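Q: I am attaching a structure below and will ask some questions about it afterwards.
2 protein chains.
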Amino acid sequence: MAGESKGSLMTVREDVRVLDATLRDGGLVNNFYFTDDFVRALYAMNVAAGVDYMEFGYKASKDLFDPEKFGKWKFSDDDDIRAIVGENETGLKISVMADVGRTDFHRDILPRSESPIDLIRVATYINTLPAAIEMIEDAKKKGYETSVNVMAVSKTGTDDLAKGIELLAQSSVDTIYLVDSFGAFYPEQIVRLTELYLSIAEKYGKNVGIHAHNNQQLAFANTIESLRLGASFVDGTVCGMGRGAGNCYLESLLSFLKNPKYNLVPVMRFIEKHMVPLKQKETWGFDLPYLLTGILNSHPSSAIEFIRDGRIDYTQFYQEILDDIG
Amino acid sequence: MAGESKGSLMTVREDVRVLDATLRDGGLVNNFYFTDDFVRALYAMNVAAGVDYMEFGYKASKDLFDPEKFGKWKFSDDDDIRAIVGENETGLKISVMADVGRTDFHRDILPRSESPIDLIRVATYINTLPAAIEMIEDAKKKGYETSVNVMAVSKTGTDDLAKGIELLAQSSVDTIYLVDSFGAFYPEQIVRLTELYLSIAEKYGKNVGIHAHNNQQLAFANTIESLRLGASFVDGTVCGMGRGAGNCYLESLLSFLKNPKYNLVPVMRFIEKHMVPLKQKETWGFDLPYLLTGILNSHPSSAIEFIRDGRIDYTQFYQEILDDIG
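Chains as they are written, first to last, in this note's numbering: chain H, 2 to 327; chain S, 2 to 327.
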């Protein structure tokens, strides 16, 4: 009932790929204002740790978002990436995220032969799949690997979800991500969803990925549960940095995976030097208000505001979320 | 392979019992120096929240531990409990923990008819089971419910463990707890262990409990995984308060359980009023050093010291733990 395991705790699954989303998900904490020094060190860390992909940020439209109001990784210009990685002659691949409706992909996503980027990750809601598929096909034609994140599936009925995943699986996309946007899923729900995604994706020779949030302190547990069942792309961020309750901790993931190509030591050094100071300035991570939005399957924005305002009247806040979703 | 579920996410399992171990596990953070005001409010919270058991602390021997050096809940005198709960005319039951070799149980555990305590929880290592059984039988004879925590099982071979659980199941004990002392287990290991405990306990009509630690941020996930398979006694602490990385969050547990007798609101009020100030004075909860002792299946004391000393040289610390266990 709770699914057969693919692989075991003692062995290596060669199909697994780890993606570090610290800049992209963490950028939602600090409006993408990372120093170049930080980004260079993170890149070096990922290379040394054997991480498979590093996500630099979003490819957001400069028509929609004012470059004066965000750090550069909101836009992830190819030239800015190149200033960090040069020609990236390493085993680490580079990804960016492209939101449906917020990316000038015709203009801003160049042919892969001219770009340091390897993987375009399209992020979509279930009701914008045709636009997502258009972006996927555009990226594929330009020579990229592609993946797609279907967001907010905890608000989507299973029938619609299955139809949507089928549509995506029929596109050129390489990897379909199960995303727990609100940190609302328990492991047994992740089991069922992973099995649904895999049953469709495998028919078309596609991979399944997992991207979890930590509202209920289940990001790591849900990630390894999905992995156990056969998901092969797993996302983490250093110290779980990400909006609100944050993400699956990259250091937990690397310590879990038995592939000797992964190395935790560079990650520890990076945390020591770069994350400890950053944590003194920025706030993220599990806290009661995120648990409340998680269990109510609600967007974390209200909890982020609650914490930013220094409030501790949790009981009142709980009533406010109930009113919002009622 | 990963086990059949007992019950579902939508329904109530009437056999489930929640135990709040805030004073006992949290007492390991502050040497049991809780104010009476805090303890009274916690008791009122547990009654209002519908929690089944509240653990007041240890019944430690005053010959072995100097009462001048610890708060009173290290010893949990019946009179001190009675000063908080009176005759405890509520649905909440009261427990204390009695460590093998550290409890003068003949002297300090009175007949139940003279005591406000309902449940004696014996804590033992696998190599002190005869002494644990002696304490269990003593408590049973005095009229108490009994449970037993077998600690540090992540250091015990499965054959010895199975034999030990069988011995305990043949005693008068009511509930046998699976304890992840070092926060070292992944959910799939918890599945196998819970199935082992259940397969033996059920032969003798005993319950299985789960007591998890949060070194890898898996305390809640492991608790609900064990629960899913049929464990019925689940331990939590408010805000996960407990030694080192702490425990399963009581608020997560109550929000997960669907039994309408549980109520999260009193817990939120308690956190607002009592835990927010306490968190400013005391330190516990998930952090990288605990992840490292967890993945290396090592006692958290070195990590507690590392954090107390304000160190952040994680790489060096990692080498130190490796040396210790090597």
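Every residue gets a Cβ at the ideal spot worked out from N, C-alpha and C, and that includes glycine. From a predicted model like this one, the values you see are computed outputs, not experimental measurements.
Taking Cβ-Cβ distances shorter than 9 angstroms, what residues in chain H pair up with S/Phe-221?
A: Result: Gln-217, Gln-218, Leu-219 and Ala-222.
Q: For S/Asp-26, tell me which candidate among S/Thr-238, S/Lys-262 and S/Ser-148 has the shortest Cα-Cα distance.
A: S/Asp-26 has its Cα closest to that of S/Thr-238, out of S/Thr-238, S/Lys-262 and S/Ser-148.
Q: Is the separation between the beta-carbon of S/Asn-216 and that of S/Thr-157 shorter than 9 angstroms?
A: In this structure, S/Thr-157 does not lie closer than 9 angstroms to S/Asn-216 by Cβ.
Q: Quick check: what's the CA-CA separation for S/Tyr-126 versus S/Asp-119?
A: Cα-Cα distance, rounded: 23 angstroms.
Q: Which word fits S/His-275, buried or exposed, when buried means at least 16 other C-beta atoms lie within 10 angstroms of its C-beta?
A: Label assigned to S/His-275: buried.
Q: Check whether the Cβ of H/Ile-1 lies closer than 9 angstroms to any Cβ atom in chain S.
A: Outside the shown range of chain H (2 to 327) lies residue 1 of chain H, about which nothing can therefore be said.
Q: Chain H beta carbons: is any one of them nearer than 9 angstroms to that of S/Leu-179?
A: It does not: the Cβ of S/Leu-179 has no partner Cβ on chain H nearer than 9 angstroms.
Q: Beta-carbon separation of H/Asp-80 and H/Ile-110 under 9 angstroms?
A: No.
Q: Three-state secondary structure (DSSP) at S/Gly-28?
A: Helix at S/Gly-28.
Q: Which class does H/Phe-66 belong to by DSSP, given the choice of helix, strand or coil?
A: In the structure shown, H/Phe-66 sits in coil (DSSP, three-state: anything other than H, G, I, E or B).
Q: With the cut-off set at 9 angstroms, would you say H/Phe-287 and H/Leu-254 are in Cβ contact?
A: Result no, Cβ atoms of H/Phe-287 and H/Leu-254 do not sit closer than 9 angstroms.
Q: Are H/Lys-141 and H/Asp-105 close, meaning C-beta to C-beta below 9 angstroms?
A: No, the Cβ-Cβ distance between H/Lys-141 and H/Asp-105 is not below 9 angstroms.
Q: For the segment 256–270 of chain H, which residues have a CB atom closer than 8 angstroms to at least one CB atom of chain S, in sequence order?
A: Flagged, chain order: Ser-256, Phe-257, Leu-265, Val-266, Met-269 and Arg-270.
Q: Does the beta carbon of S/Leu-10 come closer than 9 angstroms to any beta carbon on chain H?
A: Closer than 9 angstroms to some Cβ of chain H, the Cβ of S/Leu-10 qualifies, so yes.
Q: In whole angstroms, what is the alpha-carbon distance linking S/Asn-1 and H/Val-40?
A: Because chain S is modelled from 2 through 327, residue 1 of chain S falls outside the range shown and cannot be assessed.
Q: Roughly how many angstroms separate the alpha carbons of H/Thr-328 and H/Val-151, rounded to a whole number?
A: Here chain H comprises residues numbered 2 to 327, so residue 328 of chain H is not present and cannot be evaluated.
Q: If we call anything under 9 angstroms between Cβ atoms a contact, is S/Ser-148 one with S/Thr-129?
A: Contact: no.
Q: Only counting the same chain, and skipping five residues up and downstream in sequence, which positions put a Cβ closer than 8 angstroms to that of H/Leu-323?
A: So the qualifying residues of the chain are Leu-297.
Q: In the structure shown, what three-state DSSP assignment does H/Val-19 receive?
A: If DSSP states are grouped into helix, strand and coil, H/Val-19 belongs with the strands.
Q: So that I know if they touch, is there some Cβ in chain S lying closer than 9 angstroms to that of H/Arg-229?
A: At least one chain S Cβ lies under 9 angstroms of H/Arg-229.
Q: Could one say the Cβ of H/Tyr-291 lies closer than 9 angstroms to chain S's Cβ atoms, at least one of them?
A: Answer no: the Cβ-Cβ gap between H/Tyr-291 and chain S never drops below 9 angstroms.
Q: Please list the residues of the segment 179–203 of chain S that have a C-beta atom closer than 9 angstroms to any C-beta atom in chain H, keeping them in chain order.
A: Flagged, chain order: Tyr-187, Pro-188, Glu-189, Gln-190 and Val-192.
Q: Relative to the C-alpha of H/Ala-170, which residue among H/Leu-199, H/Ser-182 and H/Phe-183 is closest?
A: Cα-wise, what sits closest to H/Ala-170 is H/Leu-199.
Q: Under 7 angstroms, CB to CB, which of the residues in the segment 276–303 of chain H have a partner in chain S?
A: The segment 276–303 of chain H vs chain S, Cβ under 7 angstroms: Val-277, Leu-289, Leu-292 and Ile-296.
Q: Quick check on this structure: which residue in S/Gly-144, S/Ser-256 and S/Val-101 has the alpha carbon closest to the alpha carbon of S/Glu-115?
A: Closest option to S/Glu-115, Cα to Cα, is S/Gly-144.
Q: What residues of chain S sit near H/Ile-166, judged by a beta carbon separation below 7 angstroms?
A: Simply none; closest approach about 22 angstroms.
Q: At a CB-CB cut-off below 7 angstroms, which residues of chain S make contact with H/Asp-314?
A: What H/Asp-314 touches in chain S: Glu-273.
Q: Three or more C-beta pairs under 8 angstroms: does that hold for the segment 262–276 of chain S against the segment 226–234 of chain S?
A: Taking 8 angstroms as the limit for Cβ pairs, the verdict is that the segment 226–234 of chain S does not touch the segment 262–276 of chain S.
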